[in-house]
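Below is one structure, written out as C-alpha cells, with a few remarks after it.
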Amino acid sequence: MVNLIWAFMAIIGIVYAIFNGTMDQVNQALFQSANEAVTLSIGLISILVFWLGIMKIAETAGILNVLAIIFRPVIYRLFPEIPKDHPAIGYILSNLTANMFGLGNAATPMGLKAMEEMKKLSNSPIASRSMITFLALNTSSLTLIPTTVIAIRMQYDSVAPTEIVGTTIIATIFSSLSAVLLDRFFYHMTKDKEGL
Amino acid sequence: MSIITSVSTYIIPCFILIVLVIASYKKLPSYELFVEGGKEGIQMAFSLLPFLLGMIVAISILRSSGALEAFINLITPLLVLIGVPPEIVPLALIRPISGTAALGMTTELTQHYGPDSFIGRLAATMQGSTDTTLYIITIYFGAVGIKKMRYALKVGLLADLVGISVAIIIVKLVFG
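Residue numbers (our numbering), protein chains in the order written: chain A, 4 to 199; chain B, 3 to 178.
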C-alpha cells in the first residue's frame, strides 16, 4: 500500500503541476526537500547514538527488565505474541514512556530498537501483529505533556501555555484507545482471511 | 504550570543519572556499553536515510505543485458542513502526512489567531494529540526491512481521524 501512496503523491503532484504551471516550484522543492531529508537523517545520528548508548547500559543493568515487570499485566494483554521476558518489552515501554512525556527525540531510538527486537521474533518481511499494535500506539501518540506545543504557545505569549494539556490528554486517550480497538478489529478480520 | 515544565526538564537528566548510578553500583563497564550501543545508532541513521528522503520528496512534490492545496480547498466546504472550523482544515489534513508541515501550520495559526484564541487552542490540541502516521510507519517499518505492512496504515489513519474529531469536539466543549 505504501508503494501506491508514495508513487501517487509524486504522480499527482507532477501531473497537477503541468496544468497548474507550477513546475518551477516542483523542481525547486525536489532538491530542497531531498536536502532537508539528508539534514534530518544526519541530525538523527546524534540522537540515535546517544540514546542507544544510554539504553544499552540500561538494558545490561537490568533497568528495562524492572520496567517490564511493573507493567507486565498491561503489556501482556496488548502484545500477547511477545514472550514474557523478551527484551522487546523493555524497549516498547521506554518508547511509550518517552512519548508520554513528549520526549520525541528519545522515543524514536527506543521505538526503532523495539522494532528490531520484534523483527527477531517474527523473522519475516511481513509486519507482525505486535509491530502493528506498537505502531498504532505510536501514531496515535499517547501524550501527557505536549512539550513542543507548550513551547510554541509560550513563544507567542500565551496567558496559560499549558491550558491545552487537559484537552490534549483527552483527545490522545480517545485516539490511542481507538487505535488499539481498530488494531484488534483488523487483526481478527485479516486473521480469518489470511488464515494466519 | 511550572510543575509540568520542570518535570519535563528533569526527566531526561534524572533517567541518565539513575542508569549510570545503577550501572556503576553493579560494576558494569558503562562507557564501553555506551559506545557499543551508540555504534548501532550510526548504522540505523544511515539505513533510514533513503526511506525518509523518498517520503519527504514525494510529499514536497505534492505540496509545491499546489495539488494538496487544491484538494484541501475542494473538501473544505464538506468538512465545514459537519462543523469543522475552516481555518483548521489544512492542519487536520496535513497532520498525519507531514510532521514539519503540521508544526509549521500550528505555529502559523498560533501566531495569526493568538495562542489563547479558539483556533490557537484547537491547533495546539490537534498538534499535541496525534503523531505523524506516515513518518512513523515509514521509518519504523523501513528500519527493520518490513515489506508488507498489512493493516498498519489503515489503523493509523483511522485513529488519526478519531483523534482529530475528538480534539475539535473537546476544545469546543471546554473553551467554546
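Quick reminder that beta carbons are idealized off the backbone N, C-alpha and C, glycines included.
Item, Value
"C-beta neighbour in chain B for A:Met103, strict 8 Å", "no"
"Short Cβ contact (8 Å threshold) for B:Ile44 with A:Val52", "yes"
"B:Met57 beta carbon less than 8 Å from that of B:Thr140", "yes"
"Among A:Ile8, A:Phe82, A:Ala163 and A:Ile66, nearest to B:Tyr27 - alpha-carbon criterion", "A:Ile66"
"Any chain A beta carbon closer than 8 Å to B:Ala103", "no"
"Same chain, Cβ closer than 6 Å to A:Ile72, five either side skipped, listed in chain order", "none"
"Below-8 Å beta-carbon distance, A:Ser133 vs any chain B residue", "no"
"For A:Ile148, the three-state DSSP class (helix, strand or coil)", "coil"
"Min CB distance A:Pro112 to chain B below 8 Å", "yes"
"Residue-chain proximity (A:Asp195, chain B), Cβ-Cβ < 8 Å", "no"
"Neighbourhood of A:Thr175 by C-beta distance below 8 Å, restricted to the same chain and skipping five residues each side", "Ser143, Ser144, Leu145 and Thr146"
"Whole-angstrom C-beta distance between B:Phe120 and B:Gly178, which should lie under 8 Å", "7 Å"
"When B:Gly122, B:Ile148, B:Leu163 and B:Pro88 are compared against A:Met157, the one with the closest alpha-carbon", "B:Gly122"
"One or two residues paired with A:Ile129 in a DSSP bridge", "B:Lys150"
"Nearest candidate by alpha-carbon position, reference B:Ala103, set B:Lys174, B:Arg65, B:Leu51 and B:Ile172", "B:Arg65"
"Cβ shell of A:Gly93 (< 7 Å), same chain only, five flanking positions each side left out", "Glu62, Leu67, Asn68, Leu70 and Ala71"
"Closer than 8 Å to chain A by CB, B:Val37", "yes"
"For A:Ala130 and B:Met128, believed in contact at Cβ under 8 Å, the rounded distance", "So it is not a contact: roughly 27 Å between Cβ atoms."
"Nearest to A:Gly16 (by Cα), restricted to the options B:Thr11, B:Lys41 and B:Ala72", "B:Ala72"
"Selection of the segment 39 to 52 of chain B by Cβ proximity to chain A, strictly under 7 Å", "Gly39, Gly40, Glu42, Gly43, Ile44, Met46, Ala47, Leu50 and Leu51"
"Touching by the beta-carbon criterion (3+ pairs, under 8 Å), the segment 36 to 46 of chain A and the segment 16 to 35 of chain B", "no"
"Where B:Tyr27 sits in the DSSP three-state scheme", "helix"
"contact_flag[the segment 5 to 24 of chain A, the segment 172 to 188 of chain A] where n(CB pairs < 8 Å) is 3 or more", "no"
"Distance, A:Val162 Cα to B:Ser49 Cα", "44 Å"
"Residue environment, B:Phe53, which counts as buried when at least 16 other CB atoms sit within 10 Å", "buried"
"B:Thr109 vs A:Ile155 beta-carbon contact at 8 Å", "yes"
"Beta-carbon proximity list for B:Ala145, same chain, < 8 Å, skipping 5 on both sides", "Met46, Ser49, Leu50 and Phe53"
"Under 9 Å from the C-beta of A:Asn252: neighbouring residues of chain B", "The first residue shown for chain A is 4 and the last is 199, placing residue 252 of chain A beyond what the model contains."
"Distance CB(A:Thr171)-CB(B:Gly130) smaller than 8 Å", "yes"
"Assigned secondary structure, A:Phe104 (DSSP; H/G/I helix, E/B strand, else coil)", "coil"
"Alpha carbon of A:His89 to alpha carbon of B:Leu160, nearest angstrom", "30 Å"
"Whole-Å CB distance - B:Ala230 paired with A:Val152, under 8 Å assumed", "Here chain B has residues from 3 to 178 only, and residue 230 of chain B is not among them."
"Beta-carbon proximity of B:Thr78 to B:Val91, cut-off 8 Å", "yes"
"B:Phe36 to B:Ser67 span [Cα, whole Å]", "45 Å"
"Chain B residues whose Cβ lies nearer than 8 Å to that of A:Ile66", "Ile20, Val21 and Ile24"
"Residue burial classification, A:Thr10 (beta-carbon count within 10 angstroms, cutoff 16)", "Looking at the sequence provided, one finds Ala at residue 10 of chain A rather than Thr. So A:Ala10 ends up on the exposed side."
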